[in-house]
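Novice:
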Amino acid sequence: MRGSKAGAARGRRRHSDRTARAAAAPGRLDRRLADAAVVLVLAAIGLCSFFADPTGPYRWSYQALFLCLLVAAGARRALLAGQATAMQPGWAPSSALVIPAIACAAVLPFVHGLTIGFLSDDFWILGRVREAHSALDALALRPYALFFRPLSGLVWWAGARAWGAAPLGYHLVNVMLHAANSLLVYAIGGRLLGSRGAAALAGLLFAVHPVHVEPVLWAACQPDLLATAGSLLSLLLLEVALSSGSPWLRAGLVASSFLAFALALLAKESALALPGVVALRLALGPARVGRRTAVCLVGGYLVLAAGLLALRLAVIGTMGGYHVPLTLWNTAFPSALLTQLAVFLYPLNRDFLMGLGGRPLLAVAVAAMTAFSLWSVWNLVGVPARRLWFYLGYSLIMSAPIWTFATAVSGTLADTRLAYLPTVALAWLFGDVAAAGGGRRSRLGFQPAAALLAAGVLTVVYVLPWREAAGLADQVVTATARLTSTLPAGEHGIVLFIRDLPDNVDGAPVFRHGFSEALAERMRAPVEANYVAAKRGDEGVPSEVLALSSLLPGEYEVAWRYKDRRTEVLRAGQAAVSPEKGVP
Amino acid sequence: MRRFVLRVLLVGAVLGAAACCAAPLPDLQREREMARSDQQVAQAQHLANSGQATKAFDIAKAAVATAPRNPYAHRELAMHFIARNDIEEAIGELRYAHQLAPDDTTLAIELSQALDTKGLAEEASRVIREAAEASPSNGLALTALVAREIRAGRYEQALEPARRAAKLAPRLQAAQANLGLACLRCGKAGEALEAFRLAVRLGAPDAVMLVCAAAAAGRLGEREESVRYAEQAVQIAPEDAEAWATLSAALNAAGDPAGAQRAFARAAALHPAAASMSQRAEGPPP
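Protein sequence lines, in the order shown, are assigned to chains Z and U. Residue numbers 42 to 625, in the working numbering, belong to the letters of the first sequence in order. Residue numbers 235 to 520, in the working numbering, belong to the letters of the second sequence in order.
1) State yes or no: is the C-beta of Z/G200 within less than 8 angstroms of the C-beta of Z/V214?
2) At least one CB of chain U closer than 8 angstroms to the CB of Z/L323: is that the case?
3) Would you say U/G246 faces chain Z, with C-beta separation under 8 angstroms as the test?
4) For the region 442–459 of chain U against the region 476–484 of chain U, do three or more pairs of beta-carbon atoms, one drawn from each stretch, fall closer than 8 angstroms, so that the two count as touching?
5) Helix or strand or just coil, what does DSSP make of Z/K309?
6) Could you list the residues in the region 96–115 of chain Z with a C-beta less than 8 angstroms from some C-beta on chain U, going in chain order?
7) Name the chain U residues that come within less than 9 angstroms of Z/C337, Cβ to Cβ?
8) State the start and end residues of the unbroken alpha helix (DSSP H) segment that holds Z/M360.
9) Got a sec: which bits of the region 355–377 of chain U sit with their beta carbon under 9 angstroms from any beta carbon on chain Z, in order along the chain?
10) Go through the region 249–323 of chain U residue by residue and report every complete run of the alpha helix (DSSP H) that reaches 4 residues or more, in order.
11) Using a Cβ cut-off of 8 angstroms (strictly closer), state whether U/R270 contacts chain A.
12) Is the region 379–388 of chain U touching the region 406–425 of chain U in the sense that three or more CB pairs, one from each, lie closer than 8 angstroms?
13) For U/A501 and U/P439, I'd like the C-alpha separation in whole angstroms.
14) Assuming Z/T380 is part of the alpha helix (DSSP H), what are its boundary residues?
15) Considering only their Cβ atoms, is the gap separating Z/L224 from Z/G244 smaller than 8 angstroms?
16) What do you reckon, are the CB atoms on Z/I157 and Z/A511 nearer than 8 angstroms?
17) Check this for me: beta carbons of Z/R353 and Z/G361, under 8 angstroms apart or not?
18) Counting only beta-carbon separations shorter than 8 angstroms, does Z/F92 have a partner in chain U?
19) U/L262: which of Z/L108, Z/E172 and Z/F92 sits nearest, CA to CA?
20) Taking the alpha carbon of Z/P288 as the point to measure from, which residue in Z/T334, Z/L307 and Z/L274 has its own alpha carbon closest?
21) Would you kindly check if the distance between the Cβ of Z/S297 and the Cβ of Z/L278 is under 8 angstroms?
22) Would you tell me roughly how many angstroms separate the C-alpha atoms of Z/W507 and Z/R400, rounded to the nearest one?
23) Z/L242 and Z/G472: beta carbons closer than 8 angstroms?
24) Can you tell me whether U/Q274 is buried or exposed? The criterion is at least 16 other CB atoms within 10 Å of its CB, across all chains shown.
25) What is the DSSP secondary structure of U/I343, reduced to helix, strand or coil?
26) I think Z/A476 touches Z/S236, with their Cβ atoms under 8 angstroms apart; what is that distance to the nearest whole Å?
27) Is the beta carbon of U/A257 less than 8 angstroms from the beta carbon of Z/C109?
28) For a contact meaning CB atoms closer than 7 angstroms, what does Z/L81 contact in chain U?
29) How close, in whole Å, do the beta carbons of U/L345 and U/H332 come, if the pair is a contact with beta carbons under 8 angstroms?
30) Contact between the region 140–157 of chain Z and the region 413–430 of chain Z is defined here as three or more beta-carbon pairs at a separation below 8 angstroms; is this criterion met?
31) What do you get for Z/Q637, buried or exposed, if any count of 16 or more other CB atoms within 10 angstroms of its CB means buried?
32) Specify, as a first and last residue, the run of the alpha helix (DSSP H) that Z/L245 falls within.
33) Compare the Cα-Cα distances from Z/L149 to each of Z/V249, Z/D163, Z/G115 and Z/V196 and report the closest residue.
34) Consider the C-beta atom of U/E473 and the heavy atoms of the ligand ZN; say whether any pair is separated by less than 7 angstroms.
35) Taking 8 angstroms as the CB-CB cut-off, is U/C420 touching chain Z?
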């Protein structure tokens with residue numbers, strides 16, 4: 042009797058479990074609706090990638106599409122959450138294999154970009170640090186005039202002492218820093234994600250992702266790499282400290298973490314957001330700590346951040362930086378996060394792809410990115426909610442010090458140096474997504490590997506416009522120096538007007554600051570060069586402007602009137618600089 | 235309830251994506267029309283340069299029809315009307331182009347020139363003054379304004395803008411020449427001569443500029459320089475009586491009465507009233 046009662050109770054329990062599961066499990070309609078919504082949103086993004094310029098007036102609509110993607114992916118995840126399976130340990134490659142692989146992935150795609158020479162601000166910074174006779178002088182010179190970045194100035198100064206004006210050394214430093222950062226992404230990922238396979242994928246994705254072309258190849262972006270290295274090292278030391286058993290070792294590791302954070306702050310102010318990330322990590326991360334410890338730790342980081350701000354105020358006199366008016370849309374939320382997602386999932390240099398292979402190549406790239414995005418959203422169901430909130434929170438918080446990010450980052454991948462530190466979390470997210478795909482080797486292998494390969498190839502391709510841009514910079518500087526050299530000796534104060542030179546050729550800023558410095562370097566004499574940079578339009582840079590290098594001696598004023606869509610080349614002033622007459 | 239909210243979010247995301255996708259379409263269509271119109275403008279310019287004026291005119295009209303809000307299509311059509319001596323139509327097109335692109339100084343200058351040709355001097359002045367005020371750092375607009383003031387004989391008013399134009403566009407020959415002329419007429423021969431010297435160096439000078447430079451140099455007692463400029467003027471414009479008269483005065487001042495006499499005779503042969511011409515550059519406004 043008792044047995045039959047117990048059996049009935051078990052039966053009732055089983056029935057109620059089944060009912061509860063049935064209630065929690067999504068119906069076929071819900072699943073279809075969720076899948077269809079994600080596919081449609083991704084199709085809309087793919088379609089817009091063909092024509093909507095993320096830098097142009099449709100920036101808001103492109104970003105809003107990624108908001109729609111976030112909403113659809115989040116709703117799908119919530120709807121299908123009942124079907125999530127526990128993550129398997131899955132693929133766990135040996136560190137002895139992963140570390141060299143990540144290092145190679147971070148270095149090899151950029152090897153043929155090492156010879157691109159200097160660009161834009163590089164000339165200015167180099168000119169400034171070469172005036173310094175000692176390390177203290179270098180600190181006082183502040184080569185990044187609007188900012189307080191003494192560590193970066195010091196590294197530049199050391200570079201100038203070590204390899205002078207040879208650009209190779211500066212590029213090597215950047216590539217090595219990038220490799221170190223990719224390894225740090227792997228090391229922290231191993232502790233945060235709980236899966237070595239996922240961490241390895243995150244490290245590889247960070248190493249070869251095209252969004253990192255600018256910070257790695259442009260020597261002036263060294264502060265971003267240094268600040269990222271300091272911030273990630275600080276996080277890693279904190280992670281090790283949290284899992285350490287010995288109190289003395291823990292104290293030492295926390296102190297080292299503070300030191301790494303201080304160095305990151307002295308490299309670039311974008312590291313200022315790290316205390317927020319630490320707070321987030323302590324609240325949501327795997328190893329929990331007591332409230333008091335958490336407050337002490339975050340307080341320590343905040344004190345250091347406040348110290349840097351005070352020091353900066355004392356040295357510069359103002360807070361410095363670019364004065365960008367804040368509006369709802371260009372603040373950290375939602376625009377910066379959405380832009381990060383956009384450039385991470387769709388790093389398409391449309392102009393360049395169109396020039397290289399036309400619409401079919403662009404279509405292939407869009408299809409590959411759409412497939413990668415679809416696969417990522419599909420697997421999102423298996424990623425624990427806490428970690429998702431951590432990734433999103435990290436991306437948002439790390440975007441806070443770079444308010445201009447949302448408006449600056451473009452589809453041509455210019456200004457993506459600002460995304461270098463914030464997109465670390467996206468690399469972890471997609472590594473996690475890969476692991477959540479089931480954890481079985483067969484499911485983990487193909488798709489992310491293909492996506493990584495595609496990203497790597499794109500990285501290599503993206504190097505080419507930068508080489509072209511650097512070549513153009515060199516041509517213009519050489520040509521200008523040549524025609525300026527026709528002036529009689531002792532004549533100074535000649536103002537060279539070169540109006541509307543291109544500032545951006547396929548993502549590479551060429552002329553902004555430093556043109557005068559580059560000329561002076563070449564001429565070994567002061568030359569004042571004025572120019573007005575032009576925006577690159579749909580019809581491209583006129584050949585007349587590009588042909589500046591072929592100007593005859595004596596032609597010193599070139600004007601390109603882009604605004605009226607007509608090209609007009611003014612060549613006034615031949616008599617003034619012709620070698621026969623000279624300047625009386 | 236939770237499921238209902240999630241379903242609404244999914245449908246909302248799809249609808250939002252569709253709206254975001256469709257939002258830029260009208261602008262993109264307009265852009266495409268503008269690009270097509272620009273191509274037609276370029277084609278019209280090419281045809282006009284190769285002497286096929288009628289065909290170029292038709293294509294310019296087609297460019298306007300393709301993108302009625304393309305200011306440079308209207309400008310191109312206006313140029314064709316000017317070539318056909320239909321100034322009124324040209325002014326209409328230029329007015330509309332200027333309205334569409336009010337920041338474009340070149341369009342303002344061209345409209346002002348067309349208005350001037352039609353005798354609408356007041357409106358021409360207003361257009362160019364507005365352009366110069368709208369872009370105070372644009373040397374080209376300021377130079378055009380100065381040219382208008384000089385043409386209207388308002389040398390005192392022209393002097394300050396001329397100085398600013400010459401500073402903003404130090405390598406623009408017209409800016410320096412205008413400054414020289416304004417200074418000369420305001421009795422500032424030293425400043426005028428400096429400006430003329432620079433203007434002459436900046437490019438191939440015309441006879442009027444050289445005559446004025448010679449006058450300024452003569453007034454300052456720079457006799458050799460005055461003779462040199464006047465000789466260059468008669469070389470460039472051998473049929474210009476005023477240039478010969480200026481050379482005559484310069485040679486006379488330099489102590490070459492025989493040469494002065496020969497130059498005067500040439501001037502008198504070219505124009506009976508040559509005797510007073512050498513004074514014109516320094517005299518009251520024409």
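Backbone N, C-alpha and C fix where the C-beta goes; we use that ideal spot for every residue, glycine too.
Specialist: From the atom records:
1) Taking the C-beta atoms as reference points, Z/V214 is found nearer than 8 angstroms to Z/G200.
2) no
3) It does; some Cβ of chain Z falls within 8 angstroms.
4) yes
5) coil
6) P98, Y99, S102, Y103, A105, L106, L108, C109, L110, V112, A113 and G115
7) Neighbourhood of Z/C337 in chain U, by CB distance below 9 angstroms: empty, with the nearest CB roughly 39 angstroms away.
8) Segment: none, Z/M360 is in no alpha helix (DSSP H) and carries neither H nor E.
9) none
10) 259–283, 287–300 and 305–317
11) Any reference to chain A falls outside this structure, whose protein chains are Z and U.
12) yes
13) 21 angstroms
14) From DSSP, the alpha helix (DSSP H) with Z/T380 extends over L378 to L386.
15) yes
16) The answer is yes: Cβ separation under 8 angstroms.
17) yes
18) yes
19) Z/F92
20) Z/T334
21) Yes; because the gap between Cβ atoms is below 8 angstroms, this pair is in contact.
22) 22 angstroms
23) yes
24) buried
25) Residue state, collapsed to three classes: helix.
26) 4 angstroms
27) no
28) V248 and A251
29) 5 angstroms
30) no
31) A query on residue 637 of chain Z cannot be resolved here, the shown segment of chain Z reaching from 42 to 625 and no further.
32) R237 to V249
33) Z/V249
34) The model depicted lacks the ligand ZN and carries no ligand whatsoever.
35) no
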